[in-house]
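Here's the structure we're looking at; comments come further down.
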Amino acid sequence: IDDDALLSKTLQKILKKDFLKVVDKVQPNKIIVSNVFSLGENLSASGALAEVLLSKKIPAFLIHHDFYWEREYLSQPSCPYVQDYLDQYYPPQAPFIKHACINSIAQAELRKRKKIEAIIFPDTVNFDQKIEDENSVCQKLLKRYGISPGDIIVLQATRIVRRKNIELAVDFVKELGAPRNLSRLQQKGLYRHKSFDSKKNRIVLVLAGYAEKRDEEYSRKLLRYAQDSQIH
Numbered sequence: 002i003d004d005d006a007l008l009s010k011t012l013q014k015i016l017k018k019d020f021l022k023v024v025d026k027v028q029p030n031k032i033i034v035s036n037v038f039s040l041g042e043n044l045s046a047s048g049a050l051a052e053v054l055l056s057k058k059i060p061a062f063l064i065h066h067d068f069y070w071e072r073e074y075l076s077q078p079s080c081p082y083v084q085d086y087l088d089q090y091y092p093p094q095a096p097f098i099k100h101a102c103i104n105s106i107a108q109a110e111l112r113k114r115k116k117i118e119a120i121i122f123p124d125t126v127n128f129d130q131k132i133e134d135e136n137s138v139c140q141k142l143l144k145r146y147g148i149s150p151g152d153i154i155v156l157q158a159t160r161i162v163r164r165k166n167i168e169l170a171v172d173f174v175k176e177l178g179a180p181r182n183l184s185r186l187q188q189k190g191l192y193r194h195k196s197f198d199s200k201k202n203r204i205v206l207v208l209a210g211y212a213e214k215r216d217e218e219y220s221r222k223l224l225r226y227a228q229d230s231q232i233h
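The numbering used here runs 1 ahead of the 1-based position in the sequence shown.
Right, dumping it as structure tokens:
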């Protein structure tokens with residue numbers, strides 16, 4: 002066994018002890034796990050958590066966003082022990098473990114590759130839900146940053162990752178602010194019959210995610226691009 006494999010196994014044992022302490026203290030009757038057993042970037046954590054679920058036989062609902070075979074740098078591991086992890090824990094299987102994917106493409110691929118049946122659990126917003134009042138945390142946050150009720154917020158709700166082509170969000174906001182589109186917004190109004198006045202209101206782009214170290218330079222370029230495009 003090489004040094005990397007030994008380190009991974011050592012970290013897994015440490016994490017497993019920590020996870021077991023939490024489980025023994027909380028005594029959960031069900032656990033929901035989001036995106037731990039799909040991408041393959043943290044072998045020790047996924048292996049440790051899988052061993053806890055399997056040893057304790059805790060009913061679990063695993064939500065999978067991205068799979069390792071969707072990433073070129075993860076889909077062809079050069080180390081046998083990495084492939085062993087991917088085969089065993091990505092995702093783990095047991096009668097008391099249920100799976101969900103965020104779209105039908107991933108659902109079909111999971112069935113094809115792993116013989117695992119999953120439901121579709123999409124990342125969506127319930128537009129019929131009750132809007133929180135003006136004293137809510139969200140409204141206070143908007144006020145803190147000078148965003149008025151009539152402003153349009155374009156939310157890029159992802160990490161700042163180069164492969165997501167987030168500059169397209171800047172282009173979209175720029176196009177939305179073109180005179181012909183502002184005119185249409187004023188005529189038709191906004192969601193829930195709110196009005197929009199281009200003389201008073203703004204279109205604000207919110208990049209809600211963070212940039213990992215490998216994409217910090219991309220993040221800086223993205224912000225400069227937004228500034229050059231006069232995007233708030």
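Even for Gly, the Cβ is constructed at its ideal location relative to N, Cα and C.
Report yes if the CB atom of residue 68 is closer than 9 angstroms to the CB atom of residue 86, and no otherwise. The beta carbons of residue 68 and residue 86 sit no closer together than 9 angstroms.
From residue 28 to residue 21, what distance separates their C-alpha atoms? Cα to Cα, residue 28 sits roughly 10 angstroms from residue 21.
Taking all protein chains shown into account, decide if residue 58 is buried (16 or more other Cβ within 10 angstroms of its Cβ) or exposed. Residue 58 counts as exposed, since fewer than 16 other beta carbons sit within 10 angstroms of its beta carbon.
Are residue 237 and residue 49 touching if we call contact CB-CB under 9 angstroms? Residue 237 is absent from the structure shown; the chain starts at 2 and stops at 233.
Below 7 angstroms CB to CB, which residues in the same chain sit around residue 174 once its five sequence neighbours on both sides are set aside? For residue 174, where only same-chain residues beyond five positions count, the Cβ hits under 7 angstroms are 155, 204, 206 and 232.
Mind reading off the beta-carbon distance from residue 196 to residue 151? Whole number of angstroms is fine, and I expect it under 8 angstroms. A Cβ-Cβ distance of about 7 angstroms is found for the pair residue 196 and residue 151, placing them in contact under the 8 angstroms criterion.
Assigned secondary structure, residue 65 (DSSP; H/G/I helix, E/B strand, else coil): Three-state result, residue 65: strand.
Residue 120 - partner residues in DSSP beta bridges: Answer is 101.
Taking the Cβ atom as the reference point for each residue, do residue 234 and residue 51 lie within a distance shorter than 9 angstroms? It is not possible to answer for residue 234, since the shown part of the chain is limited to 2 through 233.
Taking DSSP as the reference, what is the three-state secondary structure of residue 130? Residue state, collapsed to three classes: coil.
Do residue 65 and residue 95 have their beta-carbon atoms positioned less than 9 angstroms apart in this structure? The beta carbons of residue 95 and residue 65 sit no closer together than 9 angstroms.
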